[in-house]
Every structure is written in C-alpha cells, then in structure tokens.
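Sequence positions in the sequence shown follow my numbering and run 104 to 212. Here the structure comes first, spelled out in structure tokens, and everything after it is commentary.
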Amino acid sequence: MARDLDEARRIRYQEVIQSFTLLDDVFMTAVFQDSLPCVDLVLQIILDQPNLRAERVITQDTVKNLRGHDVRLDVHAFADGREFNIEIQRAKSGADPRRARYHSSIMDA
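Structure below.
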C-alpha cells in the first residue's frame, strides 16, 4: 500500500515538473540559481553584449525599502560593476513600465 502511494506521488511530481516552463517561478528560480552561464546568456542576448559575464547572481532577492514596498527581484545579477534585474513575465501584455521603473529606483537607492 505504502509503495503504491509512493509510486503515485512520484508520478504526480514527475507530471508537475514536466509541465513547467521557464516562465514558471519555481522552475525559473531553479534554473538561474547559481547558474552564471544561464544568466550570462540572457543578459548577452537582451543587451546585445556578447562579452558580458555575470559575477554573481541572487534569485528571488528581496530589496528592502523603508519608505514603501519591498521589491522581490526574480534574478538579481551583478556584472562588470553593474546590477541587472531580470524579471520573468507570463502575461501576454508584458511588463508594466511603472513596475520596472519602481524596481529600478529601489535598486538605485
């Protein structure tokens, strides 16, 4: 009986994992966490800077704001003395520019 439950649970987990895409928060975090080559590739493509190399990456990084809302960055990367915020958006309408500006302002503060 216990073996059947374990097998059913394993099959269910496998189905859930196979349904993930890079846009799923859990999977995205696992892919980019401690994976500088993955972060490099995204930054190089988006910024059209083929030599850009990330030195450090923090996934699901919370940046505190004493005067307002804290910000949760999907991927907070550091490269060439600069900071980058990679936000994964699932909505077809894309990211809200106000949200991007707010995140940027918190990172600059």
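Ideal Cβ positions, reconstructed from N, Cα and C, are used throughout, including at glycine.
Who are residue i's beta bridge partners in DSSP?
i	result
leucine 176	Asp164
asparagine 188	His179
alanine 157	Ala182
Between the C-alpha atoms of residue i and residue j, what's the straight-line distance to the nearest angstrom?
i	j	result
leucine 84	valine 119	This structure leaves residue 84 out entirely; the chain is present only between 104 and 212.
threonine 162	glutamate 190	10 Å
arginine 201	leucine 139	28 Å
alanine 212	glutamine 121	40 Å
arginine 159	glutamine 152	17 Å
isoleucine 114	glycine 171	44 Å
methionine 131	alanine 203	19 Å
Suppose the cutoff is 6 Å on Cβ atoms and the five residues either side in sequence are ignored; what does the same chain contact list for residue i look like?
i	result
valine 174	Val166, His206 and Ile209
aspartate 164	Leu176 and His179
aspartate 143	Arg156 and Ala157
aspartate 128	none
Taking C-beta to C-beta, are residue i and residue j nearer than 9 Å?
i	j	result
asparagine 188	leucine 169	no
alanine 133	alanine 157	no
In its own chain, which residues sit with a C-beta less than 7 Å from the C-beta of residue i, not counting the 5 before and 5 after it?
i	result
leucine 126	Ile191 and Arg193
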